[in-house]
Amino acid sequence: MKQGKISSIRLRREISGWLFVLPMLLFFVLFVVYPILKAIKSSFYGFDYTKYYWSGLDNYRTIFMDPLFWKSIRNTLEFVLYLVPSITVIALMIAVTIHTYPKKMQSFFKAAFYIPGVTSIVSLTLVWQYIYNGQFGLGNYVLDRLGMDAVNWLGVNSATLALSVIVLTISVGSAVVVFSAALGGIPKDFYESASLDGAKPWHMFARITLPMLKPTLLYVVVTGTIGAFQVFAIIMIMTGGGPAYRTTTIMMLIYQQAFVNMNFGIANAMGIVLCIIISLIAFVQFKLLKSDNEY
Numbered sequence: 001m002k003q004g005k006i007s008s009i010r011l012r013r014e015i016s017g018w019l020f021v022l023p024m025l026l027f028f029v030l031f032v033v034y035p036i037l038k039a040i041k042s043s044f045y046g047f048d049y050t051k052y053y054w055s056g057l058d059n060y061r062t063i064f065m066d067p068l069f070w071k072s073i074r075n076t077l078e079f080v081l082y083l084v085p086s087i088t089v090i091a092l093m094i095a096v097t098i099h100t101y102p103k104k105m106q107s108f109f110k111a112a113f114y115i116p117g118v119t120s121i122v123s124l125t126l127v128w129q130y131i132y133n134g135q136f137g138l139g140n141y142v143l144d145r146l147g148m149d150a151v152n153w154l155g156v157n158s159a160t161l162a163l164s165v166i167v168l169t170i171s172v173g174s175a176v177v178v179f180s181a182a183l184g185g186i187p188k189d190f191y192e193s194a195s196l197d198g199a200k201p202w203h204m205f206a207r208i209t210l211p212m213l214k215p216t217l218l219y220v221v222v223t224g225t226i227g228a229f230q231v232f233a234i235i236m237i238m239t240g241g242g243p244a245y246r247t248t249t250i251m252m253l254i255y256q257q258a259f260v261n262m263n264f265g266i267a268n269a270m271g272i273v274l275c276i277i278i279s280l281i282a283f284v285q286f287k288l289l290k291s292d293n294e295y
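This note's numbering applies: residue 1 is where the sequence shown begins, and numbers increase by one.
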């Protein structure tokens with residue numbers, strides 16, 4: 001009888017726990033799991049403006065034979081290579097620098113760096129559009145005052161780097177906040193012991209700070225990689241994927257196939273391939289940066 005009462009209490013606790021989780025679980029299933037399953041299914045179907053029909057692997061054959069698809073993959077990987085290391089390194093340097101300031105100053109700088117991340121992307125992009133304007137933009141005005149030649153910021157040779165700078169200024173703030181929180185959680189005893197042993201600041205950073213920040217580095221690198229693969233609005237406003245498809249990313253191509261060409265099956269096939277690529281890269285990052293330390 002006593003054992004039965006204990007089992008009944010445990011069952012009620014489990015049910016109450018599931019009831020608390022249920023709303024978010026339903027939201028996750030309806031708006032994450034179900035769309036993913038529908039996208040996978042749709043990637044095997046074609047559409048002829050009257051009905052859907054089974055096409056098997058035709059959509060995947062089409063995208064793998066499309067040179068523009070492979071060009072968009074290369075362009076996207078270029079954005080990733082520009083953005084992920086720069087966001088990680090710059091955010092870590094800023095976080096380490098402001099961590100030495102008093103609490104109020106830390107809060108000020110964290111807020112200052114974080115504000116662009118919560119500001120309208122369209123508004124910020126329009127400001128940068130003015131900066132990069134070839135005729136009366138602020139960028140070429142500054143170069144002119146310095147006695148340097150004007151630059152075609154959004155030309156074939158510089159568009160990717162120029163757009164990466166915009167994404168960097170918007171994204172670095174959240175990484176600064178995350179790194180600052182992690183730095184505040186590292187026990188000060190480690191630094192005091194190292195200082196008593198005569199360790200230099202650089203040695204303490206390399207032997208204490210970086211190892212302790214490995215879980216945070218993993219988070220910033222993985223989320224930064226996912227964000228770099230999903231860059232869309234800035235490219236859409238600034239270049240529309242040009243010039244000469246130089247800034248056409250996989251997200252731009254998915255948008256064009258789905259909402260311009262109405263090829264939803266092909267667009268979903270591209271989305272599945274993109275998901276696989278991101279998952280493989282994230283898997284490698286987890287293997288390289290995983291750590292048992294958490295602060």
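Even for Gly, the Cβ is constructed at its ideal location relative to N, Cα and C.
Computed from a predicted structure; not experimentally measured.
What does the Cβ neighbour count give for residue i, buried or exposed, with the cut at 16 atoms within 10 Å?
| i | result |
| --- | --- |
| Ser72 | buried |
| Thr50 | exposed |
| Ile63 | buried |
| Thr248 | buried |
| Leu253 | buried |
| Ile15 | exposed |
| Thr331 | In the structure displayed, the chain extends from 1 to 295; residue 331 sits before or after that span and is not available. |
| Gly240 | exposed |
| Ala267 | buried |
| Leu183 | buried |
| Trp128 | buried |
Where do the N-terminal and C-terminal ends of the beta strand (DSSP E) with residue i fall, by residue?
| i | result |
| --- | --- |
| Trp153 | Note, Trp153: premise wrong, no beta strand (DSSP E); not H, not E. |
| Phe47 | Tyr45 to Phe47 |
| Leu53 | For the record, residue 53 in the displayed sequence is Tyr; it is not Leu. Looking at the DSSP string, the run of the beta strand (DSSP E) that includes Tyr53 is Tyr52 to Trp54. |
What's the gap between the Cα of residue i and the Cα of residue j?
| i | j | result |
| --- | --- | --- |
| Ala199 | Leu126 | 48 Å |
| Asn75 | Arg246 | 7 Å |
| Val118 | Phe28 | 24 Å |
| Ile278 | Gly227 | 10 Å |
| Ile170 | Arg13 | 44 Å |
| Ile98 | Gln106 | 6 Å |
| Gly185 | Pro211 | 13 Å |
| Ile206 | Lys214 | Note on identity: in this sequence residue 206 is Ala, with Ile being the wrong assignment. Between Ala206 and Lys214, the C-alpha separation is close to 12 Å. |
| Ile121 | Phe179 | 23 Å |
| Met201 | Pro102 | Inspection of the sequence shows that residue 201 is occupied by Pro rather than by Met. Cα to Cα, the separation comes out at about 19 Å. |
| Phe20 | Trp70 | 45 Å |
Thinking just about the alpha-carbon of each residue, which of the options is nearest to the one in residue i?
| i | options | result |
| --- | --- | --- |
| Gln135 | Leu154, Ile115, Val21 and Glu14 | Leu154 |
| Ile208 | Gly224, Leu217 and Tyr191 | Tyr191 |
| Ala159 | Tyr132, Phe44 and Ile121 | Tyr132 |
| Tyr82 | Thr100, Val231, Tyr60 and Leu161 | Leu161 |
| Leu288 | Leu218, Ala175, Phe205 and Asp197 | Leu218 |
| Leu37 | Phe286, Gly271 and Ala282 | Gly271 |
| Ser55 | Phe286, Ile276, Lys290 and Asn263 | Asn263 |
| Val165 | Ser86, Leu196, Asp149 and Asp48 | Ser86 |
| Val231 | Leu77, Ile94, Gln285 and Leu196 | Leu77 |
| Ile235 | Gly224, Trp18 and Tyr255 | Tyr255 |
Less than 8 Å between the C-beta atoms of residue i and residue j, yes or no?
| i | j | result |
| --- | --- | --- |
| Gly173 | Phe79 | no |
| Leu168 | Met238 | no |
| Val89 | Val221 | no |
| Ile250 | Leu280 | no |
| Pro243 | Val151 | no |
| Ala233 | Ala175 | no |
| Tyr34 | Tyr45 | no |
| Asn302 | Ala269 | As displayed, the chain neither begins before 1 nor continues past 295, which places residue 302 out of reach and without an answer. |
| Gln285 | Thr225 | yes |
Tell me which residue opens and which closes the alpha helix (DSSP H) that residue i is part of.
| i | result |
| --- | --- |
| Asp144 | Leu138 to Arg145 |
| Ser72 | Pro67 to Ile98 |
| Lys41 | Tyr34 to Ser42 |
| Arg61 | Asp58 to Phe64 |
Is it the case that the CB of residue i approaches a heavy atom of the ligand FMN more closely than 7 Å?
| i | result |
| --- | --- |
| Pro243 | The model on display carries no ligand, and the ligand FMN is accordingly not part of it. |
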